[in-house]
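Asks: Below are the structure tokens for one structure; questions will follow.
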Amino acid sequence: MAGAMMLALADGGSFTLEWTHSVEREDWRETWEVTEDHRLHLTEAAVKGSGAGMEPGPGGHFEDGWWVWAPDLPPVPALTLAASGETPSAWTLCGEDCTQLGATSGQPVQVAPCPDAG
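The opening residue of the sequence shown carries number 0 in numbering that gives the first Met the number 0; numbering runs sequentially from there.
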């Protein structure tokens with residue numbers, strides 16, 4: 000795949016995804032883990048402020064300047080991140096290291112578990 004980037008996470012591995020909300024201009028952070036059946040499970044979400052589409056979920060509490068909660072959502076096979084180049088920030092994906100995704104206009108970025116990782 001031309002221009003593809005791979006970040007391999009073994010089952011049970013986790014990563015964070017952080018960005019600035021395009022309308023409210025507030026930081027948003029999600030923590031994901033790779034399940035044993037090679038899916039992605041959102042274990043925690045956090046926002047620096049509130050506004051349109053940014054209300055903390057049930058059980059949300061204020062911690063170190065962030066509204067933090069544990070979404071009750073089923074695991075998903077993959078994430079698709081838009082890459083418009085028009086938002087206030089790139090997506091920052093951090094596992095062992097951090098990398099910027101979708102900072103410039105281009106094809107959406109697909110984040111999915113790699114069954115052969117680990």
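Note that the Cβ used here is the ideal one computed from N, Cα and C, for glycine as well.
Note that the structure is a prediction, hence the values are computed from the model and not measured.
1) Who are Arg28's beta bridge partners in DSSP?
2) Work out the CA separation of Pro112 and Gly48 for me, nearest whole Å.
3) If you compare alpha carbons, which of Ala89, Pro73, Glu95 is closest to Thr103?
4) Between Thr91, Pro74, Pro73, Val67, which lies nearest to Ala81 when the distance is taken from Cα to Cα?
5) Here's a check: name, in chain order, each residue in its chain whose Cβ is nearer than 6 Å to the Cβ of Glu17, leaving out the five neighbours to either side.
6) Excluding the five sequence neighbours on either side, which residues of its own chain have a C-beta within less than 6 Å of the C-beta of Met0, listed in chain order?
7) In terms of DSSP beta bridges, what is His40 paired with?
8) Use the C-beta contact count for Leu72: other C-beta atoms within 10 angstroms, 16 or more gives buried, fewer gives exposed.
9) To which residues does DSSP link Leu100 through a beta bridge?
10) Apart from the five residues on each side of it in sequence, which residues of its chain come closer than 6 Å, Cβ to Cβ, to Gly105?
11) When we look at the beta-carbon of His20 and count the other beta-carbons within 10 Å, is it buried (16 or more) or exposed?
Replies: Inspection of the coordinates gives the following:
1) DSSP output for Arg28 lists Glu17, Ala45 as bridge partner(s).
2) Near 30 Å, if we compare the C-alpha coordinates of Pro112 and Gly48.
3) Of the listed residues, the one whose Cα sits closest to Thr103 is Ala89.
4) The residue with the shortest Cα to Cα distance from Ala81 is Thr91.
5) Taken in chain order, the residues that qualify are Arg28, Thr91.
6) Residue confidence for Met0 is low, a pLDDT of 41 falling below 50, so the modelled location carries little weight and cannot support an answer.
7) In the DSSP output, where bridge partners are listed per residue, His40 has Glu32.
8) Classification for Leu72: exposed.
9) Answer is Trp90, bridged to Leu100.
10) Hits under 6 Å: Ala82.
11) So His20 ends up on the buried side.
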